[in-house]
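Residues 1210 to 1806 in our numbering are what the sequence shown lists, from first letter to last. C-beta: ideal position from N, C-alpha, C; glycine also. Scroll down for the structure; my scribbles are underneath it.
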Amino acid sequence: MRGLKNNLVLIGLAILAFSIQLPTLQQNLYDFKVPLRSNESHFTTPIVIVAIDETSLQNQGHWPWPRERLTVLLKTLLDEYQATAVGLHLLLPENGQMQQDKILADLINRKPITTSLAFNLNDRLYSGYLNQGIPVSEMSPLGFSPALFPQAKGWVGVFHDLATTPRLSGHLNANIDSDGKIRRIPLFIEAQNMLYPQMTLAMLYELLDAKQDPTAWTATLPKHLAVKSTLIPYDFPNELIPVISAQAIFAKTAPPSLLENSLVLIGATAAGVGDVVATPMANQLPSVYLQAYLLNAALGQRWLITPPLERELTALGFVVWTLLLILVAQHLRTFVLFGLMIFTLSVLWISNVWQFVSLGVHWDFSPWFWLFSGHFIWLVYQRYQFHAQRSKTIEQMFKSYVPPTVLHKLIAGQFEHLEQGERRKITVMFVDLVAFTQLAENSDPRELTQLTRSIFNTLTPVILSHQGTIDKYMGDSIMAFWGAPLADDNQAHNAALSALEMRRLMHEKFPNLGFGIGIHTGEAIVGNVGSDFRHAYSALGDTVNIAARIERQTRRYPHSILLSKQTALESGLLTEWVDECQLKGKQQCVSLYTLAS
1210 MRGLKNNLVL
1220 IGLAILAFSI
1230 QLPTLQQNLY
1240 DFKVPLRSNE
1250 SHFTTPIVIV
1260 AIDETSLQNQ
1270 GHWPWPRERL
1280 TVLLKTLLDE
1290 YQATAVGLHL
1300 LLPENGQMQQ
1310 DKILADLINR
1320 KPITTSLAFN
1330 LNDRLYSGYL
1340 NQGIPVSEMS
1350 PLGFSPALFP
1360 QAKGWVGVFH
1370 DLATTPRLSG
1380 HLNANIDSDG
1390 KIRRIPLFIE
1400 AQNMLYPQMT
1410 LAMLYELLDA
1420 KQDPTAWTAT
1430 LPKHLAVKST
1440 LIPYDFPNEL
1450 IPVISAQAIF
1460 AKTAPPSLLE
1470 NSLVLIGATA
1480 AGVGDVVATP
1490 MANQLPSVYL
1500 QAYLLNAALG
1510 QRWLITPPLE
1520 RELTALGFVV
1530 WTLLLILVAQ
1540 HLRTFVLFGL
1550 MIFTLSVLWI
1560 SNVWQFVSLG
1570 VHWDFSPWFW
1580 LFSGHFIWLV
1590 YQRYQFHAQR
1600 SKTIEQMFKS
1610 YVPPTVLHKL
1620 IAGQFEHLEQ
1630 GERRKITVMF
1640 VDLVAFTQLA
1650 ENSDPRELTQ
1660 LTRSIFNTLT
1670 PVILSHQGTI
1680 DKYMGDSIMA
1690 FWGAPLADDN
1700 QAHNAALSAL
1710 EMRRLMHEKF
1720 PNLGFGIGIH
1730 TGEAIVGNVG
1740 SDFRHAYSAL
1750 GDTVNIAARI
1760 ERQTRRYPHS
1770 ILLSKQTALE
1780 SGLLTEWVDE
1790 CQLKGKQQCV
1800 SLYTLAS
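Following this line, the structure appears as structure tokens:
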């Protein structure tokens, strides 16, 4: 029943771990990996940011600028600096001066310039106009489905004249996580039966003429689009991206070599104008930098991929691990089991980090963290309960038979051999009162019981104080042994000292009572002997029988203590040879010794 309960708990914890969704842990584990992937060599695209910064505003006036000023900036970049394409990380929903709006719209329509939109996914709020998107019907043959992407309810669009042109605009939406950081963006957003790609993808759509042949453009997309958002590959330090003030373009002081054949992103970085975002790489970063990371990922095919079957494969891994744990947990020692768990978790984590850094594959590791934490805590609790119960069992079994120091060592040690039994070298002692039967017949039962208890209370502490184990009380007899359950290299010596102390106490307190002590050293089987209803730690074997028969010989000799030759040799005390005696059941004579006074 206990095994079934344990298995059910392990399975239940696996199900719980698979169900837990704690964003904080997911985000922290992901953020740990992001800097490990960041490398200067990953910045392979000629991208330049033209910043509308404080210097630009001081010289060109406060934002928003007149349309003619934007027109001059764009013409200068494309005609004089020979930039390949320009992406406007700016929202232009309001109409300006009519003539200037037409001029700017015409320039954007003729040149490789991409404008931006922002969609509201929750509320029906509108500002500006939507220009032409990519018809869903054109994307369906490529495997695109509007159901895969977020649906817009409102938008911040473009001014009227630009909306009438066929030029594609891209959106600037990003997913803000619960900690305020941006880790994902939706690649496409569907609005009015049109798909609007992210701004950098819209740049490439126009640049690669995807209307005529989408092959080259679709090659820049991630391999798996069946998600509502895609991880942003923060693959290089943002300091690598060249940033030029817009004022330098107006003044024509920017280095031509930096802008020629480059992809230019125009964005606001001035305080109060540009928006600043938090990322796993920086707590404050102008949002135009996100477009640089995405543009580099698209052209270098360095997208981060979340496997489409991530949850299913994680569930399969959970099943395999839980079954393995069920099979081996009960058979492994505690430190081996926990070592196996720590090793397995470490291998999984290292593999997870390696796949992210080297292959760009992101697996959410938080379910594994919860799984191993849950299993670890449960197994620690289970092992604690198991050892506490075993300690209680050992204490109940031995507290009346062994001294406290031995009991504490037993509880701190391994218990298996106590129940299974083992062969040990021990020294066995029998203590018996002489003529006790005749005494019992002539005594009051209450007085006899009190006398027996008094004798045993006198002798028992002697045995325990010399590290002996009380086996049992049998009428007027005591059986004790040394060398088990804990090994004792001085067992014969301790037993002999106990015998001397017993003799002294018996002469002092019970001078009218005769007694005999027999001691023998040899091998015996020790363990938890008995039935499921009643059992005790005891010794069995020929050594026990010999010790009992040696004790009986004390009636034949004028010595209250008799030892076998083996005990006499190992006692380390002065002994005297008594006789060679034929014991019952033994063919050979046994040498008997006594302890010298």
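Classify residue i as buried or exposed, calling it buried when 16 or more other Cβ atoms lie within 10 Å of its own Cβ.
i     : result
Y1590 : exposed
V1537 : exposed
M1210 : Bear in mind that the predicted position of M1210 carries a pLDDT of just 47, short of 50, making it unreliable; the figure below should be weighed with that in mind. Exposed, because fewer than 16 other Cβ atoms sit within 10 Å of the Cβ of M1210.
V1556 : exposed
V1243 : buried
R1511 : buried
R1520 : exposed
F1252 : buried
A1757 : buried
F1595 : exposed
S1265 : buried
R1276 : buried
N1382 : buried
T1462 : exposed
S1471 : buried
L1588 : buried
Y1239 : buried
G1270 : exposed
Taking the Cβ atom as the reference point for each residue, do residue i and residue j lie within a distance shorter than 8 Å?
i     : j     : result
L1279 : L1313 : yes
A1693 : R1761 : no
S1780 : L1772 : yes
W1572 : Q1564 : yes
T1478 : I1261 : yes
L1371 : T1439 : no
H1702 : L1778 : no
V1257 : P1442 : no
I1453 : V1259 : yes
I1394 : L1503 : yes
R1376 : N1318 : yes
A1482 : W1272 : According to the sequence as given, residue 1482 is Val; it is not Ala. Yes, the pair counts as a contact, with Cβ atoms nearer than the cut-off.
Between the options, which has its C-alpha nearest residue i's C-alpha?
i     : options                       : result
M1403 : N1447, Y1593, F1328 and I1559 : F1328
L1430 : P1406, I1450, F1724 and V1367 : P1406
T1661 : A1649, P1670 and I1672        : A1649
D1332 : N1318, P1321 and G1363        : G1363
H1675 : E1785, A1705, A1597 and M1688 : A1705
P1255 : F1544, N1505 and A1480        : N1505
L1494 : A1524, E1249 and P1446        : P1446
T1667 : D1680, M1638, H1716 and D1698 : H1716
F1574 : T1531, C1790, V1528 and T1523 : T1523
V1738 : V1570, A1597, T1285 and G1630 : G1630
E1347 : D1422, R1392 and Q1306        : D1422
Please go through the same chain and pick out, in chain order, the residues whose beta-carbon is closer than 7 Å to the beta-carbon of residue i, but skip the five residues on each side of it.
i     : result
I1770 : A1708, R1712, I1726, T1803 and L1804
W1426 : L1413, Y1414, L1417 and A1419
L1334 : G1363
Q1500 : G1296, H1298, M1408, T1409 and L1474
D1484 : S1496
F1397 : F1358, L1404, Y1405 and P1406
L1287 : V1295 and K1320
A1689 : M1638, I1672, G1677, T1678, I1679 and D1680
Per DSSP, what are the beta-bridge partners of residue i in this structure?
i     : result
K1681 : M1688
G1296 : T1323 and L1474
P1232 : DSSP, once it has assigned bridges, lists no residue as partnering P1232.
K1390 : A1487
S1800 : E1789
M1307 : M1307 is not bridged to any residue.
P1344 : M1403
T1329 : Reading off the sequence shown, one finds Asn at residue 1329, where the question assumed Thr. Beta-bridge pairing links N1329 to G1363.
L1534 : DSSP, once it has assigned bridges, lists no residue as partnering L1534.
Looking only at its own chain, which residues have a Cβ that is under 6 Å from the Cβ of residue i, when we skip the five neighbours before and after it?
i     : result
V1671 : S1707, E1710 and M1711
L1360 : A quick correction: the sequence has Gln, not Leu, at residue 1360. Around Q1360: E1399.
G1366 : P1302, L1326, G1337, Y1338 and L1339
A1814 : Since the first residue shown for the chain is 1210 and the last is 1806, residue 1814 is missing from the structure and cannot be characterised.
S1387 : P1232
I'd like the list of long-range same chain contacts for residue i, defined as Cβ closer than 8 Å, with 5 residues on each side in sequence excluded.
i     : result
G1723 : L1642, V1643, A1644 and S1769
G1794 : N1754 and R1758
F1527 : A1223, A1226, F1227, P1576 and L1580
L1282 : V1259, A1455, I1458, F1459 and I1475
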